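Asker: If you count by my numbering, then the sequence shown holds residues 197 to 602, one letter each, in order. All residues carry an ideal CB built from backbone N, CA and C; glycine is no exception. None of these values were measured; they are calculated from a predicted model. What follows is a single structure, and I will ask about it in a moment.
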Amino acid sequence: MLEKLAAHTFESLENRNFRLLWLGMVVSMAGLQMQMMARGILVYDLTNDYRIAGIVGMGYAPSLLLVSLFGGVLGDRMERRLIIQLAQLVNGLLAGVVGILILTDMVVWEHLFVVSVVQGAMFAFMMPARQAAIPSLVKKHQLSNAFALNAMAMSIMSLISPVLAGVLYEFSGPAVVYMFVCVVMLSSVFVTSLVPKMYPPKPSSQETVFHNIIGGFKYIGSNKLLLQLMIYSLAVALLAMPFRNFIPAYAKDIYGSTGSGVGILGTALGLGALMGSVLIANLRAGHPRGWFLIGGALIAGLSLAVISGFAVFVVGVVAMIGIGIGEQARGALGQSLIMENTMDEYRSRVMSVLMMHYGLLPLGMLPLGWAMEAVGGRLVVSFNAAIVIVFVVLSVFFLPRLRAIR
Numbered sequence: 197m198l199e200k201l202a203a204h205t206f207e208s209l210e211n212r213n214f215r216l217l218w219l220g221m222v223v224s225m226a227g228l229q230m231q232m233m234a235r236g237i238l239v240y241d242l243t244n245d246y247r248i249a250g251i252v253g254m255g256y257a258p259s260l261l262l263v264s265l266f267g268g269v270l271g272d273r274m275e276r277r278l279i280i281q282l283a284q285l286v287n288g289l290l291a292g293v294v295g296i297l298i299l300t301d302m303v304v305w306e307h308l309f310v311v312s313v314v315q316g317a318m319f320a321f322m323m324p325a326r327q328a329a330i331p332s333l334v335k336k337h338q339l340s341n342a343f344a345l346n347a348m349a350m351s352i353m354s355l356i357s358p359v360l361a362g363v364l365y366e367f368s369g370p371a372v373v374y375m376f377v378c379v380v381m382l383s384s385v386f387v388t389s390l391v392p393k394m395y396p397p398k399p400s401s402q403e404t405v406f407h408n409i410i411g412g413f414k415y416i417g418s419n420k421l422l423l424q425l426m427i428y429s430l431a432v433a434l435l436a437m438p439f440r441n442f443i444p445a446y447a448k449d450i451y452g453s454t455g456s457g458v459g460i461l462g463t464a465l466g467l468g469a470l471m472g473s474v475l476i477a478n479l480r481a482g483h484p485r486g487w488f489l490i491g492g493a494l495i496a497g498l499s500l501a502v503i504s505g506f507a508v509f510v511v512g513v514v515a516m517i518g519i520g521i522g523e524q525a526r527g528a529l530g531q532s533l534i535m536e537n538t539m540d541e542y543r544s545r546v547m548s549v550l551m552m553h554y555g556l557l558p559l560g561m562l563p564l565g566w567a568m569e570a571v572g573g574r575l576v577v578s579f580n581a582a583i584v585i586v587f588v589v590l591s592v593f594f595l596p597r598l599r600a601i602r
């Protein structure tokens, strides 16, 4: 039984080229997660200022938002492995530069802000190209499994890498963390080089970049199922995801949690994401995948309602697991369905539009933060939960093509 489950869960890794691309992604994400944790600690050590820490932490968002559409065009014009490797290389070299600045006692918070901005742009180039390449590396019935394994790896790295970065930072110092990240990121370049070159099927370089961008939006608008999937995925992401950035503050305010309590909540969120990834990895064409997509967002909304309704830490831990499960249903399954229903020559551009929600998240965080400060966390989270649940219910009626997806 367990052997059969494992075989289904990791089925797409039987494809050598996907396995190498996936491994390169795992190594790359480990480095990025470690760097994010170290940067957050370092900027506060340098400034002792929460505002500057927030500015540096969100530095990636504007560049990701601005560059995303161009990254999508590039992924539909150029060889995709090269784009991925260049982004990995830049990220690795930046980590090395910061490490040298720390060793020479020259680092200031502005350096960290610039690195955050550049990494946002690199993410905008790398992710559309990588996600668009996956359908060419696995069998069609393995697509959901492949995206779920991507999400699973990210969930595991989000659990392990910050802890490793924190331990290294505390006992060896920030320079060691950044130099280690540099080595990790450069290793991902090598692993990715083992994947054969991945060309888009019909490079559209005869048209201008602007026409390519417009062409991507026209294609989304002309494909009714794809349009409904995009609307649903972007809306749920912008409605449900901002809360996770307020988990530390909410836990301290409502539960009176210390750092360890916040860590437990974060671990529960990661555990839920891992459980959701395993579930999605075992879905196949013919299963009611549309209802799983809808149900995932509903679980996330109901979990937010539970968090706001009960000021009990243990209940919050259980609800965090629900949020993690719901996010994976929206993320991994949503991306898989979007790629399944997109022609290969448009895949990178379509994925770049979907990736823009990472740059838009601060727009959801700002009003949420202001409202929580003004009227209290529980009331605002309950309102947030209600909006998510209402949107999901309305989607059943106004986005009917989602229900029919199998």
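Just how far apart, CA to CA, sit residue 374 and residue 319?
Answerer: C-alpha separation (whole angstroms): 18 Å.
Asker: Are the CB atoms of residue 264 and residue 555 within a distance shorter than 8 Å?
Answerer: Yes.
Asker: Skipping 5 residues on each side, what residues in its chain have a beta carbon closer than 8 Å to that of residue 330?
Answerer: These residues qualify, in order along the chain: 214, 217, 339, 342, 343, 346, 535.
Asker: If we count the other Cβ atoms within 10 Å of its Cβ and call it buried at 16 or more, is residue 593 buried or exposed?
Answerer: Looking at its Cβ environment, which holds fewer than 16 other Cβ atoms inside 10 Å, residue 593 is exposed.
Asker: Can you tell me which residues form a DSSP beta bridge with residue 553?
Answerer: DSSP output for residue 553 lists no bridge partner at all.
Asker: Rounding to the nearest angstrom, what Cα-Cα distance links residue 283 and residue 571 in this structure?
Answerer: If I take the Cα positions, the gap works out to 42 Å.
Asker: Going by Cα to Cα distance, which pick from 545, 370, 505 is closest to residue 301?
Answerer: Of the candidates 545, 370, 505, the one whose C-alpha sits nearest the C-alpha of residue 301 is 370.
Asker: Would you check if the distance between the CB atom of residue 564 and the CB atom of residue 576 is smaller than 8 Å?
Answerer: Cβ atoms of residue 564 and residue 576: closer than 8 Å.
Asker: Please state if the CB of residue 547 and the CB of residue 268 are separated by a distance shorter than 8 Å.
Answerer: Their beta carbons are under 8 Å apart, which means residue 268 touches residue 547 by this criterion.
Asker: At what residues does the alpha helix (DSSP H) containing residue 160 begin and finish?
Answerer: With the chain covering 197 to 602 only, the question about residue 160 has no answer from this structure.
Asker: Pop quiz: residue 308 and residue 212 are said to be a contact at Cβ under 8 Å. What is the actual Cβ separation, rounded to whole angstroms?
Answerer: Actually they do not touch by this definition, with Cβ atoms about 38 Å apart.
Asker: If contacts are defined as beta-carbon pairs under 8 Å, then residue 460 and residue 588 qualify, I think. What distance do you get, rounded to the angstrom?
Answerer: Actually they do not touch by this definition, with Cβ atoms about 28 Å apart.
Asker: Cutting at 8 Å between CB atoms, please list the residues of its own chain near residue 483, excluding the five before and the five after it.
Answerer: Within the same chain, residue 483 has close Cβ partners 602.
Asker: Does the Cβ of residue 504 lie closer than 7 Å to at least one heavy atom of the ligand COA?
Answerer: Inclusion of the ligand COA in the displayed structure is not the case, the ligand content being empty and no account of it being possible.
Asker: Rounded to whole angstroms, what's the CA-CA distance from residue 432 to residue 584? Just pull it up for me.
Answerer: Straight-line Cα distance between these residues: approximately 7 Å.
Asker: Excluding sequence positions up to five away, which residues of its chain have a Cβ less than 7 Å from the Cβ of residue 463?
Answerer: Taken in chain order, the residues that qualify are 355.
Asker: With distances taken from CA atoms, which of 551, 336, 332 is nearest residue 393?
Answerer: It is 332 whose Cα lies nearest to the Cα of residue 393.
Asker: When the distance is taken between beta carbons, is residue 470 closer than 8 Å to residue 352?
Answerer: The answer is yes: Cβ separation under 8 Å.
Asker: Once you ignore the five residues that flank residue 405 on each side, which residues in its own chain have a CB closer than 7 Å to its CB?
Answerer: Taken in chain order, the residues that qualify are 266, 269.
Asker: Short check: CB of residue 311 to CB of residue 294, under 8 Å?
Answerer: For residue 311 and residue 294, yes; Cβs fall inside 8 Å.
Asker: Do you know how far the Cα of residue 233 is from the Cα of residue 362?
Answerer: So the two alpha carbons sit approximately 7 Å from each other.
Asker: If you run the structure through DSSP and keep just helix, strand and coil, what is residue 415?
Answerer: In this structure, residue 415 counts as helix in the three-state DSSP scheme.
Asker: Say whether the segment 224–231 touches the segment 377–384, bearing in mind that this needs 3 or more beta-carbon pairs closer than 8 Å, one atom from each stretch.
Answerer: The segment 224–231 is in contact with the segment 377–384.
Asker: If you follow the alpha helix (DSSP H) that residue 227 is part of, which residue opens it and which one closes it?
Answerer: First-last of the alpha helix (DSSP H) with residue 227: 212–243.
Asker: Would you say residue 473 and residue 348 are within 8 Å of each other, going by their C-beta atoms?
Answerer: For residue 473 and residue 348, yes; Cβs fall inside 8 Å.
Asker: So what's residue 329 in DSSP terms, helix, strand or just coil?
Answerer: Here residue 329 sits in helix by DSSP.
Asker: Of the residues 413, 512, 289, 408, which one's Cα is nearest the Cα of residue 453?
Answerer: Among 413, 512, 289, 408, the Cα nearest to that of residue 453 belongs to 512.
Asker: To the nearest angstrom, how far is the alpha carbon of residue 223 from that of residue 521?
Answerer: Using only the alpha carbons, I get a separation of about 23 Å.
Asker: Between residue 388 and residue 277, what straight-line distance do the alpha-carbon atoms span, to the nearest angstrom?
Answerer: Whole-angstrom Cα-Cα distance: 7 Å.
Asker: Is the CB-CB distance between residue 501 and residue 578 below 8 Å?
Answerer: Cβ distance < 8 Å, so residue 501 and residue 578 count as in contact.
Asker: What number of angstroms, rounded off, separates the C-alpha of residue 335 from the C-alpha of residue 255?
Answerer: The straight-line gap from Cα to Cα measures roughly 38 Å.
Asker: Would you mind sorting residue 539 into buried or exposed? The rule is 16 or more other CB atoms within 10 Å of its CB.
Answerer: When all chains shown are included, residue 539 counts as exposed.
Asker: Do residue 529 and residue 492 have their C-beta atoms closer together than 8 Å?
Answerer: Closer than 8 Å, so yes.
Asker: Here's a check: name, in chain order, each residue in its chain whose Cβ is nearer than 7 Å to the Cβ of residue 360, leaving out the five neighbours to either side.
Answerer: Cβ neighbours of residue 360 beyond the five flanking positions: 230.
Asker: Is DSSP giving residue 206 helix, strand or coil here?
Answerer: Coil.
Asker: Going by the CB atoms, is the gap between residue 426 and residue 416 shorter than 8 Å?
Answerer: Yes, the pair counts as a contact, with Cβ atoms nearer than the cut-off.
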